Amino acid sequence: MEDTTYTKGIYTATIGVRALDDGQFQGLVSLTRDDGEAADATLYEVEATSENEEEALNEARALAHRILGEIEL
């Protein structure tokens, strides 16, 4: 499965899902800034857990859009 990425200017958000020990899933967003220097990634976690991977991925997608929407270029 290919990573889903969203870009705004020099920022790229990559979404993913992590399986938790209790059978739940958690959405993740890795945010990188490409300014010509070494890429630094910041990991954001969706606060709520989900019962399946698709829900967790949708939550991660929403978080990525919120994060990128708050960035001013």
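Under numbering that gives the first Met the number 0, the first residue of the sequence shown is numbered 0, with each subsequent residue one higher. For every residue, glycine included, the Cβ atom is placed at its ideal position computed from N, Cα and C. Predicted model, so just to flag it, every value in this text is computed and none were measured.
*Of all the CB atoms in chain C, is at least one closer than 8 Å to the CB of Glu50?*
Note that chain C does not occur in the displayed structure, where there is just one protein chain.
*Relative to the C-alpha of Leu72, which residue among Thr11, Thr4, Thr3 is closest?*
Out of Thr11, Thr4, Thr3, the CA that lies nearest to the CA of Leu72 is found in Thr11.
*Does the beta-carbon distance from Glu53 to Gln23 come in below 8 Å?*
Against a cut-off of 8 Å, the Cβ pair of Gln23 and Glu53 comes out as no contact.
*Compare the Cα-Cα distances from Thr48 to each of Glu36, Arg65, Val16, Gly8 and report the closest residue.*
Val16
*Go through its chain and collect everything with a Cβ distance to Leu56's Cβ below 7 Å, but skip five positions before and after it.*
When the five nearest sequence neighbours on each side are left out, the beta carbons in the same chain lying within less than 7 Å of the beta carbon of Leu56 are those of Ile14, Val16, Gly26, in order along the chain.
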